[in-house]
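Report on one structure; see the data block that follows.
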């Protein structure tokens with residue numbers, strides 16, 4: 004596994020981690036082992052300031068899964084992107100919402116607005132190319148996920164956040 008995410012996080016005091024920066028930077032790391040990616044993602048999520056967002060995503064290139072762990076090192080903000088792969092290759096993406104708003108997701112329903120804008124842009128791009136639609140989820144604690152779809156999010160139907168469930172995810176074809 005490329006250690007750029009871990010080495011970036013292990014550097015000295017970083018004003019970006021305080022939520023004060025308007026120019027967060029992007030770090031990503033890849034592995035072809037989902038168990039490793041899942042464990043690193045959970046370690047980072049559990050051992051970093053509350054509200055700093057991390058993502059775990061699967062980019063499939065010619066049948067080979069490439070699992071990405073990424074962060075912008077910022078509070079309540081992440082991007083669904085890669086410097087290595089195109090979102091045309093994205094199968095699924097998960098990111099945490101564990102800051103104060105994320106933990107109160109049943110009462111703060113607008114926390115997915117930017118997520119839906121980003122997701123719908125990817126959906127439009129994929130539709131124009133005849134590609135299937137990636138799956139998008141937020142993790143509000145370490146074992147449950149909420150899926151975000153073109154119709155919005157259903158906070159009453161959660162999925163397990165574990166390797167077995169992530170292995171079962173595929174792109175959707177037809178309506179999203």
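Residue numbers (the numbering used here): 4 to 179. The C-beta atom is built at its ideal place from N, Cα and C for all residues, glycine as well.
- Fewer than three pairs of CB atoms, one per stretch, sit closer than 8 Å, so the segment 152–161 makes no contact with the segment 25–43.
- Per the DSSP secondary-structure output, residue 156 pairs in a beta bridge with 151.
- Counting only runs of at least 3 residues, the segment 25–50 fully encloses the following beta strand (DSSP E) elements, listed from N- to C-terminal order: 30–34.
- Note that the segment 64–78 touches the segment 33–51; at least 3 beta-carbon pairs, one per stretch, sit closer than 8 Å.
- Taking C-beta atoms as the reference points, residue 92 and residue 44 fail to come closer than 8 Å.
- A direct Cα-to-Cα measurement between residue 41 and residue 82 gives close to 18 Å.
- Nearest neighbour of residue 165 by Cα position, chosen from 59, 55, 51, turns out to be 59.
- The beta carbon of residue 134 sits closer than 7 Å to those of 91, all from its chain and outside the five residues before and after it, given in chain order.
- In this structure, residue 173 lies near residue 94, with their beta-carbon atoms less than 8 Å apart.
- In the same chain as residue 96, and ignoring 5 residues on each side of it, the C-beta atoms closer than 7 Å to its own belong to 58, 60, 83, 137, 139, in chain order.
- Only buried fits residue 126, as 16 or more other CB atoms lie within 10 angstroms of its CB.
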